[in-house]
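Below is one structure; the comments refer to it alone.
Numbering (full-length UniProt numbering), first residue to last: 1 to 149.
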């Protein structure tokens with residue numbers, strides 16, 4: 001008996017939620033032990049690289065879409081850059097993945113330079129923010145650079 005797998009690519013889907021919110025994004029920790037994954041919605045999942053088991057997951061109610069993930073501080077914290085369409089703002093959430101007893105997330109507004117053309121150009125957000133080994137590097141429209149957390 002032979003098993004055949006058929007894959008079908010769906011183009012021009014009528015389901016606008018898939019094309020609007022499906023932004024698969026991942027980050028691998030520096031020590032190569034954790035994989036962080038999101039589909040671009042409010043939830044983030046952490047997996048162990050060794051065996052693929054889910055370590056933990058978190059839903060962020062304060063943001064609507066997730067655009068960028070990056071491990072910082074020796075892979076103890078995760079930077080999540082997300083947006084809120086109602087308020088038309090970008091937010092940075094720093095999630096302390098190893099601390100479940102106190103407030104485990106810190107929210108701050110993203111630098112003002114990025115808020116100028118915020119939601120009109122979210123599709124090009126990845127070209128203005130880059131992950132560089134635990135740091136977030138931003139170049140604004142005027143050519144000024146900023147290195148974050």
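C-beta atoms are modelled at their ideal positions from N, C-alpha and C, and glycine is treated no differently.
Treat the numbers as computed from the prediction; the structure is a model and nothing was measured.
- A distance below 7 Å separates the beta carbons of residue 63 and residue 82.
- Residue environment: residue 85 is assigned as exposed (fewer than 16 neighbouring CB atoms within 10 Å of its CB, all protein chains considered).
- Annotation for residue 87: no residue places its beta carbon closer than 6 Å to its own, counting only its chain and skipping 5 residues before and after.
- The continuous beta strand (DSSP E) containing residue 47 extends over residues 43-48.
- Residue 65 is bridged by DSSP to 83.
- Under the Cβ criterion (8 Å, minimum of three pairs), the stretch 53-60 does not count as touching the stretch 69-77.
- As the crow flies, the alpha-carbon of residue 54 is around 21 Å from that of residue 73.
- Taking the CA atoms as reference points, residue 46 sits about 32 Å from residue 3.
- Rounded to the nearest angstrom, the gap between the Cα atoms of residue 37 and residue 49 is 12 Å.
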